[in-house]
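Q: As you go down the protein sequences, you meet chains Y and H in turn.
Note that the numbering used here has the first sequence beginning at 1, numbered continuously upward.
Note that the numbering used here has the second sequence beginning at 1001, numbered continuously upward.
Note that the Cβ used here is the ideal one computed from N, Cα and C, for glycine as well.
On a predicted model such as this, the values are computed, not experimentally measured, just so you know.
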Amino acid sequence: MSFMQGKALSTPATISTVTADEPKISTIGTGAYLIEAPGAFDLPTQRRIWALAHAVEPWPEVREIVPGVTNLLVILKQTPEEPEQLQARLKHEWDCPRSIDLTGKTVEIPVTYGGEHATDLAAVCDYSGLGDREVVRLHWQGNYTVVALGSAPGFGYLHGLDPRIYMPRKTVPSLRMLKGTVTIGGMQTGVSVLTGPNGWNSIGFAEMQMFDPAKTPPALLAPGDRVRFLPERIEL
Amino acid sequence: MIEVLQTGPLNTVQDLGRFGFRNAGVTSSGAMDRLALVVGNLLVGNDEGEAALEVQTFPFRLRFDRDMTIAITGADGDARLDGRRLPPWWAIPVSSGQVLELETPRRSARTYLSLAGGIDVEPVLGSRSTSLRGGFGGLEGRFLAANDRLAIGSARACAVPPGGFGAVPPEAALAEHFPAPEDDTLLVRAIPAGEYALFAAEAERFWTQTWKISSQSDRTGYRLSGEPIRLASPVELRSHGVVPGVVQMPPSGEPIIQMSDANTAGGYPKIAGVIDVDLWRLGQARIGSGIRFVQSSVAEALAAERAVQAYLDDIRRTVPMLSQALAAMSRR
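Okay, here's the thing in structure tokens:
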């Protein structure tokens, strides 16, 4: 399976130049390499990560690639005999100034803001100094882009959150946050896909099914997709 | 078919894991002790990645409803066939109606039951492994319960002596390639990871102290308890992919090692990564036991991997030879 889950890359993609800068390359154990882009969490950086993922995915020694938020994890089939050489090839690939603008689909997600599942809305208001209506409005008015999937099946990390409602992850996670909870984690937002412990801040709830293992592709969202939240109900 | 008569929670169907969907947030799952799974499959003449039962809560009892060949690997502990004790790492033919009972292993954590033909559950996203978090794969995405019946695939012809035969357990066969436990503390080899340098002088204590595997440990990850190791100032990393073996340091200062059901992404600082070839030993480490990290290198990992391959090659060669010899004898 392609990291773009099939379709996105076959649609017209623009290749453009990005200014070169030094990435950080580190390893996890013996067979995984993490390339972290320098600079801000913005879409140009993310496009460059997508381009890197696209270039590295066909390498014969690569088993899986996991694009993250301005970073890429490359998982090898085997421990490399020449780790320095591999690191140099990854660096070289990054230095080729390329970027992919994925033109994905638009997904509209109806949300109930506030209410019983929005247990952290008050904390977001306190932290931002904004009223609850304002926090909710800033959230649903946002234009979001799926930068990566991860953490749990079908969970999409969304870029485009208004900086006024950035909110750090909680130091003590909620133990049993419901699947479907609409959350803010730092400068990211998303809809949780599993019921369980979660350190992000809940502000609402969405019914939409984000993952079905029987479907191809199993995840509703793919990198490059646009997401709009529709305020179906606001319970404040 | 096999029928589960008695089981604790969290016993599941596992193969070598689900790959290719990590970028959709799907954890690989798969056996916690992959080496035991591979050996079990080789002993019964299967492809090495066939699905087996991973038993981690005991006692576990099941009944066979046809004649078949089975292998029990992973644990050092008590397996009984109709009350008769079997040696560890053993393959044996069983008859319809016989009952197998697995008791708590003495030192290790997980027992694998491989069956000739493999467990025939429907693959989901390319694997038969149970994803407990995702609720799919294996048997209906859940752990086994009493009265569950599992279909077994059709086996290749593979003769096994009536009394069975075994493999030398890897702890013994590979003793010189894995550091021996010290004072009951498992030594786990690891390589510094992305944020290691941020821990500065604190990092020393990561290697020197004995960490205890806390009761909040499972197939997703092991939470370790010990003297906390803290960053001078907290860092918030952007979410990035992680793999089993990553040692993360949450704000509490007590490490988490992600295991087979590892989250696919994380944001905690990474202090180290366990070398892949040591993960099976960690998969056999029990809650409450002690581990210590030993700084390693790719070169050392490669040497250990070669030793493991030589051990497996030996089994790959021996099993068919034994099988052919037995078949020839029975024709006489």
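For H/Ser-1333 and H/Asp-1065, what's the separation of their Cα atoms in angstroms?
A: With chain H represented from 1001 up to 1332, any question about residue 1333 of chain H goes unanswered, as that position is not in the structure.
Q: According to a CB-to-CB cut-off of less than 7 Å, which residues of the segment 1259-1276 of chain H neighbour chain Y?
A: Asn-1263, Thr-1264, Ala-1265, Lys-1270, Gly-1273, Val-1274, Ile-1275 and Asp-1276
Q: Are H/Met-1335 and H/Arg-1223 close, meaning C-beta to C-beta below 8 Å?
A: Residue 1335 of chain H is absent from the model: chain H starts at 1001 and stops at 1332.
Q: Give the secondary structure of H/Gly-1221 by DSSP, where H, G and I count as helix, E and B as strand, and everything else as coil.
A: strand
Q: Tell me, please, which residues DSSP counts as bridged to H/Ile-1119.
A: DSSP lists H/Ile-1152 as the bridge partner or partners of H/Ile-1119.
Q: Verify the CB distance criterion: does H/Ser-1214 have a CB-CB separation below 8 Å to chain Y?
A: At a cut-off of 8 Å between C-beta atoms, H/Ser-1214 does not count as an interface residue with respect to chain Y.
Q: Check the Cβ of Y/Arg-63 against every Cβ in chain H and list those closer than 7 Å, keeping chain order.
A: Phe-1019
Q: Going by Cα to Cα distance, which pick from Y/Glu-116, Y/Cys-125, Y/Tyr-127 and Y/Arg-48 is closest to Y/Lys-91?
A: Selection Y/Glu-116, Y/Cys-125, Y/Tyr-127 and Y/Arg-48 evaluated against Y/Lys-91 yields Y/Arg-48 as nearest (Cα-Cα).
Q: Tell me whether H/Val-1242 sits in a helix, a strand or coil according to DSSP, three-state version.
A: The answer is coil: DSSP assigns H/Val-1242 none of H, G, I, E or B.
Q: On a Cα-Cα basis, can you pick out the residue from H/Ala-1091, H/Gln-1295 and H/Pro-1179 that is closest to H/Trp-1207?
A: H/Gln-1295
Q: Among Y/Pro-231, Y/Gly-199 and Y/Gly-156, which residue has its Cα nearest to the Cα of Y/Pro-67?
A: Checking every option, the nearest Cα to that of Y/Pro-67 belongs to Y/Gly-156.
Q: Hey, quick one: how far does the beta strand (DSSP E) through H/Ala-1190 stretch, first residue to last?
A: Per DSSP, H/Ala-1190 belongs to the beta strand (DSSP E) from 1185-1192.
Q: State yes or no: is the C-beta of H/Ile-1271 within less than 8 Å of the C-beta of H/Glu-1195?
A: yes
Q: So if I threshold CB-CB distances at 7 Å, which residues from the segment 1015-1040 of chain H count as touching chain Y?
A: If the cut-off is 7 Å between Cβ atoms, the segment 1015-1040 of chain H has Phe-1019, Gly-1020, Phe-1021, Arg-1022, Asn-1023, Ala-1024, Gly-1025 and Val-1026 near chain Y.
Q: Mind checking Y/Gly-154: buried by the 16 CB within 10 Å criterion, or exposed?
A: buried
Q: Does the separation of the CB atoms of H/Arg-1128 and H/Gly-1138 fall below 8 Å?
A: yes
Q: Determine contact between the segment 1010-1017 of chain H and the segment 1045-1054 of chain H, defined as no fewer than three beta-carbon pairs at a distance below 8 Å.
A: Below 8 Å, enough C-beta pairs join the segment 1010-1017 of chain H and the segment 1045-1054 of chain H to call them touching: three or more.
Q: According to DSSP, which residues form a beta bridge with Y/Ser-174?
A: Y/Asn-198
Q: So H/Trp-1090 and H/Gly-1164 are supposed to be a Cβ contact under 8 Å. How far apart are they, rounded?
A: 5 Å
Q: Identify the contact partners of Y/Gly-104 in chain H, using a Cβ-Cβ distance below 9 Å as the criterion.
A: Within chain H, no residue comes near Y/Gly-104; the closest Cβ sits about 14 Å away, beyond 9 Å.
Q: Kindly identify the DSSP beta-bridge partner or partners of H/Thr-1069.
A: Answer is H/Pro-1093.
Q: By the 10 Å Cβ neighbour count, where 16 or more other Cβ atoms means buried, how is H/Ala-1180 classified, buried or exposed?
A: Exposed: under 16 other Cβ atoms inside 10 Å.
Q: Tell me whether Y/Ser-10 is buried or exposed, calling it buried when 16 or more other Cβ atoms sit within 10 Å of its Cβ.
A: Model confidence at Y/Ser-10 stands at a pLDDT of 34, short of 50, so the residue's coordinates are unreliable and nothing is read from them.
Q: For H/Asn-1041, count neighbouring Cβ atoms within 10 angstroms of its own Cβ and tell me buried if that reaches 16, exposed if not.
A: buried
Q: Looking at Y/Gly-185: is its Cβ nearer than 8 Å to the Cβ of Y/Gly-160?
A: No.
Q: Using only the alpha-carbon positions, how far apart do H/Val-1319 and H/Gly-1166 sit?
A: Counting only the Cα atoms, H/Gly-1166 lies some 10 Å from H/Val-1319.
Q: Given that Y/Phe-239 touches chain H, what residues does it touch there, using C-beta distances under 7 Å?
A: What is shown of chain Y runs 1 to 236, which leaves residue 239 of chain Y out entirely.
Q: Please report how far the alpha carbon of Y/Glu-57 lies from the alpha carbon of H/Phe-1019, in whole angstroms.
A: If you take the alpha carbons of Y/Glu-57 and H/Phe-1019, they lie about 14 Å apart.
Q: Do you know offhand how far H/Gly-1267's Cα is from H/Ser-1239's?
A: 5 Å
Q: Give a yes or no on whether the C-beta atoms belonging to H/Pro-1161 and H/Leu-1326 are separated by under 8 Å.
A: yes
Q: Report the neighbours of Y/Val-56 on chain H: residues whose CB is nearer than 7 Å to its CB, in chain order.
A: Residues of chain H passing the Cβ test: none, with the nearest at roughly 12 Å.
Q: Could you confirm whether any beta carbon from chain Y is found closer than 8 Å to the beta carbon of H/Gly-1194?
A: yes
Q: With distance defined between alpha-carbon atoms, name the residue in H/Ala-1145, H/Asn-1046 and H/Val-1044 nearest to H/Glu-1003.
A: Taking only the C-alpha atoms, the option nearest H/Glu-1003 is H/Ala-1145.
Q: Taking all protein chains shown into account, decide if Y/Asn-71 is buried (16 or more other Cβ within 10 angstroms of its Cβ) or exposed.
A: Classification for Y/Asn-71: buried.
Q: Which whole runs of the alpha helix (DSSP H) in the segment 1024-1079 of chain H are 4 residues long or more, in chain order?
A: With a minimum length of 4 residues, the continuous alpha helix (DSSP H) runs that stay inside the segment 1024-1079 of chain H are 1034-1043.
Q: Flag Y/Lys-7 as yes if its beta-carbon sits less than 8 Å from any beta-carbon of chain H, otherwise no.
A: A caution first: Y/Lys-7 carries a pLDDT of 37, below 50, which makes its placement in the model unreliable, though a value can still be read off. By this cut-off, Y/Lys-7 is not an interface position.
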